[in-house]
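Residue numbers (my numbering), protein chains in the order written: chain H, 400 to 613; chain S, 45 to 209. One structure below.
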Amino acid sequence: MRRSIALVSHRFLFAAFLMLAVGWSAFAGTFSAGAIGEGTLVAWLAGLDFEGEIDGTIRLEGEFAPDGGEPIPFFAEGTLRGFGVSGIVTAVTEGWIGYEAEGRADEGEPIEIRGLLHTSRISAVPLQADAAFIGTHWVRVLFDGVTHTASGEFSGSVQGTAEPAGRLGTIQFRGSGTIRFDGETGAEAPPIPLDHPALSEEFLCYLAELGFGI
Amino acid sequence: MPRASCSAGTPEPEILRRGKAFHRRVQRDWEDLATDGVVDSEHTIEISRDTQRVRSGRLDLFVDDLGDFVSVVEIKSTDWDRVKPENRRRLVASHRRQIWRYIETFLDRERVDVCAGVIYPRAPRTPGLRREIEELLNDYGLQVVWYDGQRAPFERGLAEPAGFR
Numbered sequence: 400m401r402r403s404i405a406l407v408s409h410r411f412l413f414a415a416f417l418m419l420a421v422g423w424s425a426f427a428g429t430f431s432a433g434a435i436g437e438g439t440l441v442a443w444l445a446g447l448d449f450e451g452e453i454d455g456t457i458r459l460e461g462e463f464a465p466d467g468g469e470p471i472p473f474f475a476e477g478t479l480r481g482f483g484v485s486g487i488v489t490a491v492t493e494g495w496i497g498y499e500a501e502g503r504a505d506e507g508e509p510i511e512i513r514g515l516l517h518t519s520r521i522s523a524v525p526l527q528a529d530a531a532f533i534g535t536h537w538v539r540v541l542f543d544g545v546t547h548t549a550s551g552e553f554s555g556s557v558q559g560t561a562e563p564a565g566r567l568g569t570i571q572f573r574g575s576g577t578i579r580f581d582g583e584t585g586a587e588a589p590p591i592p593l594d595h596p597a598l599s600e601e602f603l604c605y606l607a608e609l610g611f612g613i
Numbered sequence: 045m046p047r048a049s050c051s052a053g054t055p056e057p058e059i060l061r062r063g064k065a066f067h068r069r070v071q072r073d074w075e076d077l078a079t080d081g082v083v084d085s086e087h088t089i090e091i092s093r094d095t096q097r098v099r100s101g102r103l104d105l106f107v108d109d110l111g112d113f114v115s116v117v118e119i120k121s122t123d124w125d126r127v128k129p130e131n132r133r134r135l136v137a138s139h140r141r142q143i144w145r146y147i148e149t150f151l152d153r154e155r156v157d158v159c160a161g162v163i164y165p166r167a168p169r170t171p172g173l174r175r176e177i178e179e180l181l182n183d184y185g186l187q188v189v190w191y192d193g194q195r196a197p198f199e200r201g202l203a204e205p206a207g208f209r
């Protein structure tokens, strides 16, 4: 798809910040991390849907205790991609952000984190300052040869502003925001729906590569 | 009684002069910066046609050849702090209807997606007004750019223009 190729190739045009505070213990342990993401969001009207793609980078820093022992500090960085769609008539907004990050634990051991955020709300388009949202979060942590999976709910807000996207010849959205994830020990979040007709095959393939495919 | 003349000797009102300057500045910035697509300032499109007449519109900024979507951007020199509160919604609706006439042309006739927005010179200082305007336009899929609040035209070293600043 030409549009997607164009958007991906120009992700540096746009910076969106996400502050992500994550904490859960769905694998008999604990995990807490903060993340900063930078990316681009370009939105367009497709009929009566307002759609947007996010593309960028993410850095996570925190600590986790996979077996409930001493927390292990870690740092990881990688990429994120997102897609959002809002019905102008229905005023329902739905969005997905996937990310993958690789890094090191405190002792130098490799760690890999892959996550998927999903939010759905009745509101206007998600481009307004102080837009608040809640949603579902899934994450897979590969550490010491074992993949740990956790899920839960998150809440947060996004702030930002639209600006010209020079290279792309269109308008882009740049913002900053915070997301807080709170999970209950052992609790499982509901499955993240990936059957929205607006989701592109390309984005679904990306999520499948992260391990969140359908 | 002699009619008022619109001769060149009549000075242009300052508000119009500054509005035109802002208009040209944004168009010039866009043409300089947009390395993808084809930027067409003052692009004319046919909005509707019947037996009586053809209605056309002129897009302040139109960017084509972006794949399967186009950009439609309207430039307005509105100073929202000076618009009376009772007139705000009506003015926003006027801007929104104008752009949507263009959008529908591309969505319905050209069958392409549209990235659409409005550029205003500066964000209003009146508390809550910025959000109000953004919401009224965002609800219709229109993005709002406050031109003095973004960085893109200046990141490549373009001179900061005068005018509304």
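All C-beta atoms, glycine included, are put in the ideal place defined by N, C-alpha and C.
What does residue i touch in chain H if you count any residue whose Cβ is under 7 Å from its own?
i, result
"Ile147 (chain S)", "Leu444"
"Gly161 (chain S)", "Ala561 and Ile570"
"Val158 (chain S)", "Trp443 and Leu444"
Does DSSP put residue i in a helix, a strand or coil?
i, result
"Thr548 (chain H)", "strand"
"Ile177 (chain S)", "helix"
"His67 (chain S)", "helix"
"Glu601 (chain H)", "helix"
"Leu60 (chain S)", "helix"
"Leu447 (chain H)", "coil"
"Glu508 (chain H)", "coil"
"Arg360 (chain H)", "With chain H covering 400 to 613 only, the question about residue 360 (chain H) has no answer from this structure."
"Arg93 (chain S)", "strand"
"Asp157 (chain S)", "strand"
"Thr584 (chain H)", "Its pLDDT being 47, under 50, Thr584 (chain H) is placed unreliably by the model, and nothing is read from it."
Let's test the definition: count the other Cβ atoms within 10 Å of the Cβ of residue i and tell me whether it reaches 16, buried, or not, exposed.
i, result
"Thr451 (chain H)", "Looking at the sequence shown, residue 451 (chain H) is not Thr but Gly. Result: buried."
"His517 (chain H)", "buried"
"Cys159 (chain S)", "buried"
"Val491 (chain H)", "exposed"
"Ser165 (chain S)", "The sequence as given places Pro at residue 165 (chain S); Ser does not occur at that position. Classification for Pro165 (chain S): buried."
"Asp73 (chain S)", "buried"
"His595 (chain H)", "exposed"
"Thr560 (chain H)", "buried"
"Asp32 (chain S)", "Residue 32 (chain S) lies beyond the stretch modelled for chain S, which goes from 45 to 209, so this question has no answer here."
If you follow the beta strand (DSSP E) that residue i is part of, which residue opens it and which one closes it?
i, result
"Tyr498 (chain H)", "Val491 to Ala504"
"Phe473 (chain H)", "Ile471 to Gly486"
"Phe113 (chain S)", "Phe113 to Ile119"
Locate the alpha helix (DSSP H) running through residue i, then write down its first and last residues.
i, result
"Val136 (chain S)", "Pro129 to Glu148"
Check the Cβ of residue i against every Cβ in chain S and list those closer than 7 Å, keeping chain order.
i, result
"Ile453 (chain H)", "Under the 7 Å cutoff, chain S gives no residues; its nearest Cβ is about 15 Å from Ile453 (chain H)."
"Phe449 (chain H)", "Gly185"
Since residue i sits in a beta bridge, which residues does DSSP pair it with?
i, result
"Asp108 (chain S)", "S:Val82"
"Tyr164 (chain S)", "S:Trp190"
"Glu562 (chain H)", "H:Gln571"
"Arg102 (chain S)", "S:Thr88"
"Trp537 (chain H)", "H:Leu515 and H:Ser550"
"Gly461 (chain H)", "H:Ala432 and H:Phe473"
"Glu437 (chain H)", "H:Thr456"
Name the chain H residues whose beta carbon is nearer than 8 Å to that of residue i?
i, result
"Gln187 (chain S)", "Ala442, Leu526, Ala561, Ile570 and Phe572"
"Trp124 (chain S)", "Chain H residues near Trp124 (chain S): none, gap ~15 Å exceeds 8 Å."
If the cut is a Cβ gap below 9 Å, which residues of chain H does residue i touch?
i, result
"Val117 (chain S)", "Pro563, Thr569 and Ile570"
"Val83 (chain S)", "Gly568"
For residue i, go through chain S and note every residue whose CB falls closer than 8 Å to its CB, in chain order.
i, result
"Ile487 (chain H)", "Asp183, Tyr184 and Gly185"
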